[in-house]
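Working notes for the structure below.
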Amino acid sequence: MLPRSAPEPTRRPARGPNPVSSEADAPALPDLGHGRHRPFVLPALPYAEGALAPTISARTMHYHYHRHHAGYVATLNRLLADSLPTDPTLASQSLISIIRSSADNAARTGLFNNAAQVWNHSFYWRCLLPGGGGRPGGAIASAIDRTFGHYATFREHMIGAAVGQFGSGWAWLCVEGDRLTIRRTANARTPVQVPGLTPLLTIDVWEHAYYLDSQNRRADHVTQVVDRLLNWPFVNAILEAHQRALNPVPAQRLAPTGNLPTTTAIHTPRLPAPVPSPAPSWQVADTRAASFARLARRR
Ligand code: MN
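Mind the numbering: the sequence shown is residues 0 to 298 in numbering that gives the first Met the number 0, read in order.
If you want it as structure tokens, here you go:
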């Protein structure tokens with residue numbers, strides 16, 4: 000009988016002593032489903048692969064989710080396993096903490112790129128909804144009116160930011176304090192790198208997001224996403240959590256005194272003060288304001 004070969008070395012999933020959700024360091028954001036232990040898991044798609052057709056076909060969704068997103072998750076887990084011997088703290092960091100601690104660290108470019116792309120895609124899927132898009136309701140409708148004056152202005156600038164991102168990247172609507180802000184980021188970069196900047200929605204403008212369906216017509220793709228797919232209920236849930244954190248209602252402190260009815264203002268977050276016009280209260284993250292403005296006007 001031949002001697003059995005040595006067993007393949009196996010990588011045991013690293014389990015941090017304090018398992019945390021992937022969004023533990025950004026409390027207004029929902030848990031996106033990466034799991035609390037390592038390895039990080041690929042969150043399930045929140046709808047069927049063909050649910051966003053015709054704007055995003057089942058074929059695009061299949062490659063985007065099963066190849067690109069799944070690939071980022073697999074690579075992230077491999078890089079984490081490789082890095083743990085030199086940095087055991089990675090075992091118990093949230094995904095957002097890993098993104099923040101590896102950003103702009105030349106020794107951890109791969110870790111950053113894959114961690115950020117895992118988070119960005121998990122968030123992006125949730126930003127889309129069959130039958131979504133168009134004018135929102137709820138808290139985001141008021142916030143858009145305060146910040147941009149009118150939904151049509153927001154729409155124009157959101158589309159302009161996505162179309163104007165040179166090369167691969169993402170367009171974002173974020174909330175920072177009491178202001179909405181449109182950002183665009185290159186490659187894997189993401190607003191969750193920045194504590195205090197809370198993303199509300201994103202549009203993937205890497206070519207893999209639209210090329211099978213729309214080829215080079217990024218503007219057509221982005222316009223359809225905005226008009227048909229944006230998940231405003233998801234946006235409202237994040238914005239409302241953000242506003243509660245910004246303006247906590249002291250219901251717990253008031254109740255025991257017995258001096259105020261406990262129903263007063265509970266779950267009614269104070270709305271942020273109106274942004275004075277005409278100063279624009281939105282901005283794009285990069286400095287190519289001139290080219291951005293030209294693109295916005297061209298539409
Ligand atoms: Mn993508």
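Cβ atoms here follow ideal geometry from the backbone N, Cα and C, with glycine treated the same way.
If you're wondering where the values come from, they're calculated on a predicted model, not measured in any experiment.
Return the chain-ordered list of same chain residues with a C-beta closer than 6 Å to the C-beta of residue i, the five sequence neighbours on each side being excluded.
i	result
A115	I98, A187, T189
A240	A27
R134	Y150
F153	I143, F147
T74	N113
G137	N235
Can you give me the Cβ contacts of residue i inside the same chain, cut-off strictly under 8 Å, excluding the 5 residues immediately before and after it?
i	result
L200	C126, W171, L172, L229, N230, F233, V234
T54	D212, H220, Q223, V224, R227, L228
A244	P26, A27
E175	G195, L196, T197
A69	L41
S56	G49, L211, D212
Quick one: what's got a C-beta closer than 7 Å to residue i's C-beta in the same chain, skipping five residues either side?
i	result
P129	Y46, A50, L51
R58	L211
Y123	T201, D203
V274	Confidence is the limiting factor: at V274 the pLDDT is only 34, short of 50, which leaves the residue's position unreliable and the question unanswerable from this model.
P247	none
V191	A25, I95, I98, W118, P198
L44	Y64, W124
Can you check DSSP and say which residues form a bridge with residue i?
i	result
A187	Beta-bridge pairing links A187 to no other residue.
R301	Outside the shown range of the chain, which is 0 to 298, sits residue 301, and nothing can be said about it.
T197	V174
D203	W169
L127	L229
Please name the residue in the options whose C-alpha comes closest to that of residue i.
i	options	result
H61	F153, L78, Y209	Y209
I202	Q214, P194, N246, R182	R182
S167	T184, A27, S141	T184
V72	S101, L41, T197	L41
Y236	H149, P198, N215	The sequence as given places Ala at residue 236; Tyr does not occur at that position. A236 has its Cα closest to that of P198, out of H149, P198, N215.
Q92	E155, P38, H156	P38
D177	E206, I139, H207	I139
R35	L179, L89, P84, G195	L89
Y64	W118, H156, R145	W118
D30	W169, S121, H207, L83	S121
E206	T85, G195, H67	H67
R77	T85, N104, L110	L110
D86	A106, W169, L44	A106
V193	P84, D81, S100	S100
With a threshold of 16 other CB atoms inside 10 Å of the CB of residue i, please say whether the residue is buried or exposed.
i	result
N258	Its pLDDT being 37, under 50, N258 is placed unreliably by the model, and the measurement read from it follows with that caveat. It is exposed - the Cβ of N258 has fewer than 16 other Cβ atoms within 10 Å.
G131	buried
F165	exposed
A102	buried
Q214	exposed
H33	buried
N112	buried
T108	exposed
P271	Reliability fails at P271, whose pLDDT of 36 lies under 50, so the model's placement of it is uncertain and the value that follows must be treated cautiously. The residue is buried, with at least 16 neighbouring Cβ atoms inside 10 Å.
R216	exposed
A160	buried
A284	Only weak support is given to the placement of A284: the predicted model assigns it a pLDDT of 47, under 50, and the question is left unresolved by the model.
L238	buried
A289	The predicted model places A289 with a pLDDT of 33, which falls under 50 and marks its position as unreliable, so this point remains unresolved.
Quick one: is residue i near chain D, going by C-beta distance under 8 Å?
i	result
R134	Absence of chain D from the displayed structure is noted, only one protein chain being present.
Inter-stretch contact at 8 Å, needing at least 3 Cβ pairs: the region 23 to 33 / the region 88 to 104: yes
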